[in-house]
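What follows is a single structure, written as structure tokens, with notes after it.
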Amino acid sequence: MSNTYESVINTKPLMLAMDTAMTIVIATMAQTRSSCVLVLNGQRLVGIFTERDLVRAIARQQAIADLTLLDVMTIEVIRITEAEAQDIFAVSRLFSQHGIRHLPVVNDEQVVGVITPLSLRNLFKPEHLLRYIRVAEVMQRQVVMVSPYDCVQDVVKRMTAAQVSCVVVVEPHSQQPQGVVTEHDIVRLQSLGTDFVQTLAKTIMSAPVRSMRPNESLWQVHQYMLQSGIRRLLITDDRNRLLGIVTQTQMLRLVDPAEMYHVMQQMQNVIEEQTQELQRLNDNLQIANEELRQLAALDELTQIANRRRFNECLEHEWRRMAEHQQPLSLILGDIDDFKAYNDLYGHPAGDECLKSVADIFHFSTHSVSDVVARYGGEEFVMILPYTDQQAAERIAQKILATIEHLRMPHEGSSTGFLTVSLGVATCIPQMTVESVTLIQHADQQLYRSKGQGCNHYHASIMA
């Protein structure tokens, strides 16, 4: 017998012969705090007697002292075999289908024990399921209420008519619960010989009332009920007015496969919503990171690559062209007499000039792998992979022709218009040579162009 099985079944239930006098039965139930008696004929199970059966007998005003178990027991006993009891879902279905709270376990007509919702609930610890369900979603809102001044006999009748295990004693005007009367209380009173007609509900109710709020999770309720050793819990609002009740039976229904499927569907919906929200946040984060990366790689004024990005791209293309032994060209450009331009037209006009020249460099590229960057104050640079000297010179000529065609006024220049000077360097990169040598070579060609005046370019192949 497994430890799990032993934790579910009570192997030492209260068992009495069917001819046992009810006075003895009630006294024994009260003493052992048993909620049921398995009724035997020899060793064979022939009936069951529960607290509810006693409440029903009292409501019918039967002479309990003159009765035996045979007179009041339930003969049609729902039972389960020892093998079947291993399946907690099968057990749960029997509790739900038949509305019972005691399930005898038999083996070849021999009583093995009894299973109750409490023992099953102790085994089933659905933390992940119960955390997602609020009390308000499952609590029983139709609660049988009685006045503190109702006699116990009337209370018993109300319990029998509604077929409930407890009633809530409520202060009539405020609707605030004052206490609870349970079937177990009725058994205890009967064992003491209490006069049910002369005794008021307020004198026998269990108080103070234990309650929780409807926004709590069922997991919190589950834990509280276990720690407090109670079988039902009242649900009240912020003003302590009664809203509903949660019982062991309701908690047990969550073990039922159909109910569990429903709860798991709710969990799945919550998880999917959270996953979608997380994915949306991740997407936004990636977009934001990409925007930051681009911002970090762009020149703020001209919106082309900055010096840092240029250095990264040049190193990447240098290694790539070295690996494939393909030509790499560099065009380094400088706006002629730009200081004079700023002095004449002001820095805002100078900024517009820089943006215009950046656009011209950008639109002069011939491949998506070409990179245009702002190299310095008024200097621009182009990285041209897979580009030999002849193709690089055509791009340089295009840049000069476009700027000349625009004829942007520059009274501080010898030509009267804005011009640039260019230096073009080409090589087939080698891993043993640093990429900075190509920049130095292009700078030398730019220096030669500057030496000839304005609006020129010089090109050469780096050895």
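Residue numbering for the sequence shown follows my numbering, beginning at 149 and increasing consecutively. Just so you know, even glycine gets a beta-carbon here, dropped at the ideal spot from N, CA and C. If you're wondering where the values come from, they're calculated on a predicted model, not measured in any experiment.
Using the DSSP secondary-structure output, state which residues sit across from residue i in a beta bridge.
i	result
residue 527	482
residue 192	189 and 258
residue 461	Looking at the DSSP assignment, residue 461 forms no beta bridge with any residue, so it has no partner.
residue 325	318
residue 330	314
residue 443	Paired residues: none, contrary to the question.
residue 158	262
For residue i and residue j, I'd like the C-alpha separation in whole angstroms.
i	j	result
residue 338	residue 398	28 Å
residue 164	residue 301	27 Å
residue 391	residue 432	43 Å
residue 184	residue 266	13 Å
residue 200	residue 313	7 Å
residue 393	residue 434	48 Å
residue 248	residue 322	34 Å
residue 264	residue 332	15 Å
residue 455	residue 492	27 Å
residue 605	residue 551	13 Å
residue 542	residue 438	34 Å
residue 555	residue 430	49 Å
residue 571	residue 545	11 Å
residue 512	residue 484	19 Å
residue 519	residue 529	8 Å
residue 384	residue 291	12 Å
residue 422	residue 285	20 Å
DSSP state of residue i, grouped into three classes?
i	result
residue 534	coil
residue 226	coil
residue 606	strand
residue 286	helix
residue 502	helix
residue 592	helix
residue 163	strand
residue 612	Only positions 149 to 611 of the chain appear in the structure, and residue 612 is not among them; the question remains open.
residue 198	strand
residue 550	helix
residue 477	strand
residue 520	strand
residue 340	coil
residue 612	Because the chain is modelled from 149 through 611, residue 612 falls outside the range shown and cannot be assessed.
residue 540	helix
residue 453	strand
residue 470	helix
Can you find the residues in the same chain that come closer than 8 Å, C-beta to C-beta, to residue i, ignoring five residues on each side of it along the sequence?
i	result
residue 295	317, 318, 320 and 349
residue 536	475, 477 and 574
Ordered along the chain, which non-local residues of its own chain (more than five positions away) have a Cβ less than 6 Å from that of residue i?
i	result
residue 344	300 and 301
residue 281	366
residue 177	335
For residue i, collect the residues of the same chain with a Cβ closer than 7 Å to its Cβ; drop the 5 residues on either side in sequence, then sort them by chain order.
i	result
residue 450	502, 503, 506 and 522
Beta strand (DSSP E) runs contained entirely in the segment 229-273, provided each spans 3 or more residues: 251-255 and 258-263
What ranges does the beta strand (DSSP E) occupy inside the segment 343-398, keeping only unbroken runs of at least 3 residues that lie completely in it? Unbroken beta strand (DSSP E) runs of no fewer than 3 residues, entirely contained in the segment 343-398, are found at 380-384 and 390-395, following chain order.
Alpha helix (DSSP H) runs wholly inside the segment 294-320, at least 4 long, in chain order: If one requires a minimum length of 4 residues, the alpha helix (DSSP H) runs lying completely within the segment 294-320 are 300-310, in chain order.
Which runs of the beta strand (DSSP E), 3 residues or longer, sit entirely within the segment 552-586? DSSP runs (the beta strand (DSSP E)) wholly in the segment 552-586: 568-575.
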